[in-house]
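J.: Please see the structure below; I have some questions.
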Amino acid sequence: LRLPRVFGRFNELKFYREEDVVAHMLVRKTGTDEKIIFHSHLDQQVHAHELADEARARHTTVPLHRQVMKMQRYESSQDDLERGKRAVYAVVFTKKGLGLELETDFYGEAVIIKTCLDRSAIHEAQTTSRDVTSKLLQPGDVLVQLGDVNVRNIGFRETIALIKGSSRPVTLTFESCDVFDDDNDSPTDVQYIYSPHAASVVSTASTRPLNHHPSSSLKVKVTHWVIITDKRVLYIQLDSDSVLDDAILEWSVPLRSIHSIEVLENAIQLHLRVGVNSIFTGPLRRPEWKHETPQAIHTMNVFAMAMKKSFRLPYADLADLQEVYPSDTSFSSVLRVSVSGGPKRRRWCVLCRNCLYVFALYPRKALRLIVPLGRVTITKTDFAPLTWKIQGAVQMEPMPTLQVDGPALSEKMEVDLMLIAEKADEVEMWMSALQHAAGNGMRHSKGTRFYAATDATTLSVGCQETKAYVVVQLVDALKKTLAVFKEG
Numbered sequence: 006l007r008l009p010r011v012f013g014r015f016n017e018l019k020f021y022r023e024e025d026v027v028a029h030m031l032v033r034k035t036g037t038d039e040k041i042i043f044h045s046h047l048d049q050q051v052h053a054h055e056l057a058d059e060a061r062a063r064h065t066t067v068p069l070h071r072q073v074m075k076m077q078r079y080e081s082s083q084d085d086l087e088r089g090k091r092a093v094y095a096v097v098f099t100k101k102g103l104g105l106e107l108e109t110d111f112y113g114e115a116v117i118i119k120t121c122l123d124r125s126a127i128h129e130a131q132t133t134s135r136d137v138t139s140k141l142l143q144p145g146d147v148l149v150q151l152g153d154v155n156v157r158n159i160g161f162r163e164t165i166a167l168i169k170g171s172s173r174p175v176t177l178t179f180e181s182c183d184v185f186d187d188d189n190d191s192p193t194d195v196q197y198i199y200s201p202h203a204a205s206v207v208s209t210a211s212t213r214p215l216n217h218h219p220s221s222s223l224k225v226k227v228t229h230w231v232i233i234t235d236k237r238v239l240y241i242q243l244d245s246d247s248v249l250d251d252a253i254l255e256w257s258v259p260l261r262s263i264h265s266i267e268v269l270e271n272a273i274q275l276h277l278r279v280g281v282n283s284i285f286t287g288p289l290r291r292p293e294w295k296h297e298t299p300q301a302i303h304t305m306n307v308f309a310m311a312m313k314k315s316f317r318l319p320y321a322d323l324a325d326l327q328e329v330y331p332s333d334t335s336f337s338s339v340l341r342v343s344v345s346g347g348p349k350r351r352r353w354c355v356l357c358r359n360c361l362y363v364f365a366l367y368p369r370k371a372l373r374l375i376v377p378l379g380r381v382t383i384t385k386t387d388f389a390p391l392t393w394k395i396q397g398a399v400q401m402e403p404m405p406t407l408q409v410d411g412p413a414l415s416e417k418m419e420v421d422l423m424l425i426a427e428k429a430d431e432v433e434m435w436m437s438a439l440q441h442a443a444g445n446g447m448r449h450s451k452g453t454r455f456y457a458a459t460d461a462t463t464l465s466v467g468c469q470e471t472k473a474y475v476v477v478q479l480v481d482a483l484k485k486t487l488a489v490f491k492e493g
């Protein structure tokens, strides 16, 4: 698929589809000129509270590959006291356009009213404070709820996407920027209902909720594009009425990293091989559009070659597999590490899947060494009870390791790797876990290697309430593309 040639070619322009042009422009945002094999856009109906929880978790938990020094945010207790005095009011909007100009805060988390341009979309508003009825939708008011889903500080873009995807009428709850003095004489169970069509504000004792859609049933329309090229699969969030600049790249994965495809009721899951995209953290979620730089591609090629060399030629295919019970082979602690008889340094060692990752404690746990556990032997030294060695399976033959220097990755051959524990209890635990990860253990897998999907090696394409024929076409295109274009 490509852009149509326009000048002097009426027939070609006559039969092109606008979707083809959109897909072509999205692929160009990645900075590559890959050929599009298939593309499809999926419309989902997702529960609003699921999207809000996911967005909140994304803001609170920083992924490992982005753990940098963050500016600490200190909120005084005075802010909490004032927040308790601020009135809350709910407004029902009946039109797609709310008539509001919105802005965000310094951190890009909250949704704040800048100006109210048009009140024709307001059906009615409800609050427990009489004073607020004359100050609805004032500049500075903060959006806190969509229906009865808490959307406070989940992110500006995420909240706007929820509002745009919600069906009308929709109830939005705002927190007033003004601080009102508490009046102890005013009844708390009285609701003041404002309507632009009514002559005056109506007060009622009934607590009739304006939330027409409870959180359990409030659903939001989410549109994603799945673009399959001759080299990778792209999963992009882009609404039909949005511009290309608003597109969000959810994830991107090379075809050769896909191990298998599993079709579930509400999703299509792509199970990935071990050495995917990001070595230690698993595939990147919401990466930069041009994250697949030549250096990143070279790094992953070096990693894949070292893994295959570690498993040796007859067993090279095992380099793409991981253990059947990842919990048995996931282990970490601080050890003293010596490489090929060098100085002993304190390092944070992490055993994950088929590799041992060695981090320097300073500065801030930087990755320094990766040891593939292919055809290796783990032996305990007799003269030192807290010491054991990792060596190649063939005697006196060096084993491949990966030296990490910032974003660059280089392969080095080392004679052995000596590990020294600080406590006697850690020795047997480490020995057992390392032997199991190297395929020599006798726990559960009985020394054989299996493929087991985990969250770190799974990418999902959402298909909640998506038309069945669209899902069938996408799965068929994925399987056929992998059969033809997958390398190795």
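Our numbering numbers the first residue of the sequence shown as 6 and each following residue consecutively.
Where a beta carbon is used, it is the ideal one built from N, C-alpha and C, also for glycine.
Grab me the residues of Arg-91's own chain with a C-beta within less than 8 angstroms of its C-beta, minus the 5 sequence neighbours each way, in chain order.
T.: Taken in chain order, the residues that qualify are Glu-180, Ser-181, Cys-182, Asp-183, Val-184 and Phe-185.
J.: If you measure between the beta carbons of Leu-479 and Ile-273, is that distance less than 8 angstroms?
T.: Yes, the pair counts as a contact, with Cβ atoms nearer than the cut-off.
J.: Quick one, are the C-beta atoms of Ala-443 and Leu-378 less than 8 angstroms apart?
T.: Going by C-beta atoms, Ala-443 is nearer than 8 angstroms to Leu-378.
J.: Are there 16 or more other CB atoms within 10 angstroms of the CB of Met-30, so buried, or fewer, so exposed?
T.: That one is exposed.
J.: Give the DSSP bridge partners of Ala-413, in chain order.
T.: Bridge partners of Ala-413: Asp-410.
J.: Quick check on this structure: which residue in Ser-172, Arg-162, Leu-464 and Ile-383 has the alpha carbon closest to the alpha carbon of Asp-251?
T.: Measuring from the Cα of Asp-251, the nearest candidate turns out to be Arg-162.
J.: For Val-355, which of Thr-176, Gly-113 and Ala-438 has the nearest alpha-carbon?
T.: When each option's Cα is compared against that of Val-355, the closest is Ala-438.
J.: Looking only at its chain, what residues have a beta carbon closer than 7 angstroms to the beta carbon of Asp-235, apart from the 5 residues adjacent to it on each side?
T.: Glu-39, Lys-40, Ile-42 and Phe-490.
J.: Using CA atoms only, rank isn't needed, just tell me which of Thr-228, Lys-484, Thr-304 and Glu-255 is closest to Ser-465.
T.: When only C-alpha atoms are compared, the closest one is Glu-255.
J.: Would you mind sorting Ser-211 into buried or exposed? The rule is 16 or more other CB atoms within 10 Å of its CB.
T.: Because Ser-211 sits at a pLDDT of 49, beneath the cut-off of 50, its placement in the model cannot be relied upon, and the point is left open.
J.: List the residues that DSSP assigns as beta-bridge partners of Gln-50.
T.: DSSP lists Lys-226 as partners of Gln-50.
J.: Counting pairs of Cβ atoms below 8 angstroms between the stretch 428–437 and the stretch 399–412, do you hit three or more?
T.: Contact between the stretch 428–437 and the stretch 399–412 is absent, because fewer than three Cβ pairs lie under 8 angstroms.
J.: Hey, would you say the C-beta of Ser-45 is under 7 angstroms away from at least one heavy atom of the ligand MG?
T.: Judged by which ligands are present, the structure shown has none, so any question about the ligand MG falls away.
J.: I'd like to know whether the C-beta atoms of Ile-233 and Ala-482 end up nearer to each other than 8 angstroms.
T.: A contact, by the Cβ cut-off of 8 angstroms.
J.: Whose CA, out of Tyr-94, Trp-294 and Leu-422, lies closest to the CA of Tyr-240?
T.: It is Trp-294 whose Cα lies nearest to the Cα of Tyr-240.
J.: If you reduce the DSSP assignment to three classes, tell me which class Met-312 lands in.
T.: Residue state, collapsed to three classes: helix.
J.: Would you decide whether Ala-300 is buried or exposed? Buried here means 16 or more other CB atoms lie within 10 Å of its CB.
T.: Ala is not the amino acid found at residue 300; the sequence shown has Gln there. Under this definition Gln-300 is an exposed residue.
J.: How about Ser-125 and Gly-104: are their beta carbons less than 8 angstroms apart?
T.: Against a cut-off of 8 angstroms, the Cβ pair of Gly-104 and Ser-125 comes out as a contact.
J.: Going along the chain, which residues of its own chain have a beta-carbon closer than 6 angstroms to the beta-carbon of Ala-57, five neighbours each way excluded?
T.: Correct list, in chain order: Val-154, Val-156 and Ile-159.
J.: Would you mind reading off the limits of the beta strand (DSSP E) that contains Arg-352?
T.: Where Arg-352 is concerned, the enclosing beta strand (DSSP E) stretches over 350–357.
J.: Note the first and the last residue of the continuous beta strand (DSSP E) segment covering Met-30.
T.: Premise fails: Met-30 lies in the alpha helix (DSSP H), 23–33, not in any beta strand (DSSP E).
J.: Is Lys-484 helix, strand or coil by DSSP?
T.: The answer is helix: DSSP assigns Lys-484 an H, G or I state.
J.: Buried or exposed: which applies to Pro-259, given that a residue is buried once 16 or more other Cβ atoms fall within 10 Å of its Cβ?
T.: Classification for Pro-259: buried.
J.: Within 8 angstroms (strictly less), CB to CB, does Met-434 reach chain B?
T.: In the structure shown, chain B cannot be found, because there is only a single protein chain.
J.: For Lys-349, which residues of its own chain have a beta-carbon under 8 angstroms away from its beta-carbon, when the five flanking residues on both sides are left out?
T.: Cβ neighbours of Lys-349 beyond the five flanking positions: Arg-341, Val-342, Ser-343, Met-423 and Ile-425.
J.: Roughly how many angstroms separate the alpha carbons of Lys-484 and Leu-148, rounded to a whole number?
T.: C-alpha separation (whole angstroms): 44 angstroms.
J.: So, at 7 angstroms on beta carbons, what are the nonlocal neighbours of Arg-351 in its own chain, with the 5 sequence-adjacent residues on each side left out?
T.: Cβ within range, chain order: Val-339, Arg-341 and Leu-366.
J.: What's the call for Asn-359, buried or exposed, on a 16-neighbour Cβ count within 10 Å?
T.: It counts as buried.
J.: Classify His-441 as helix, strand or coil using the three-state DSSP reduction.
T.: Note: His-441 maps to helix in three-state DSSP.
J.: With distance defined between alpha-carbon atoms, name the residue in Asp-123, Leu-142, Val-96 and Thr-65 nearest to Tyr-112.
T.: The candidate whose alpha carbon is nearest that of Tyr-112 is Thr-65.
J.: Relative to the C-alpha of Ser-222, which candidate in Thr-120, Ser-245 and Gln-50 has its C-alpha closest?
T.: Checked all of Thr-120, Ser-245 and Gln-50; the closest Cα to Ser-222 is Gln-50.
J.: Nearest to Leu-318 by CA position, among Arg-380, Val-248 and Gly-347, is which residue?
T.: When each option's Cα is compared against that of Leu-318, the closest is Arg-380.
J.: Can you tell me which residues form a DSSP beta bridge with Thr-132?
T.: Looking at the DSSP assignment, Thr-132 forms a beta bridge with Tyr-94 and Tyr-197.
J.: On the premise that Val-307 lies in contact with Leu-414, defined as a C-beta separation below 8 angstroms, what is that separation, rounded to the nearest angstrom?
T.: Correct: roughly 5 angstroms between the Cβ atoms.
J.: Please name the residue, chosen from Ala-389, Asp-246 and Met-310, that lies closest to Glu-24 on a Cα-to-Cα basis.
T.: The residue with the shortest Cα to Cα distance from Glu-24 is Asp-246.
J.: Determine the direct distance from the alpha carbon of Thr-384 to that of Thr-109, and round the result to whole angstroms.
T.: Taking the straight line joining both Cα atoms gives about 58 angstroms.
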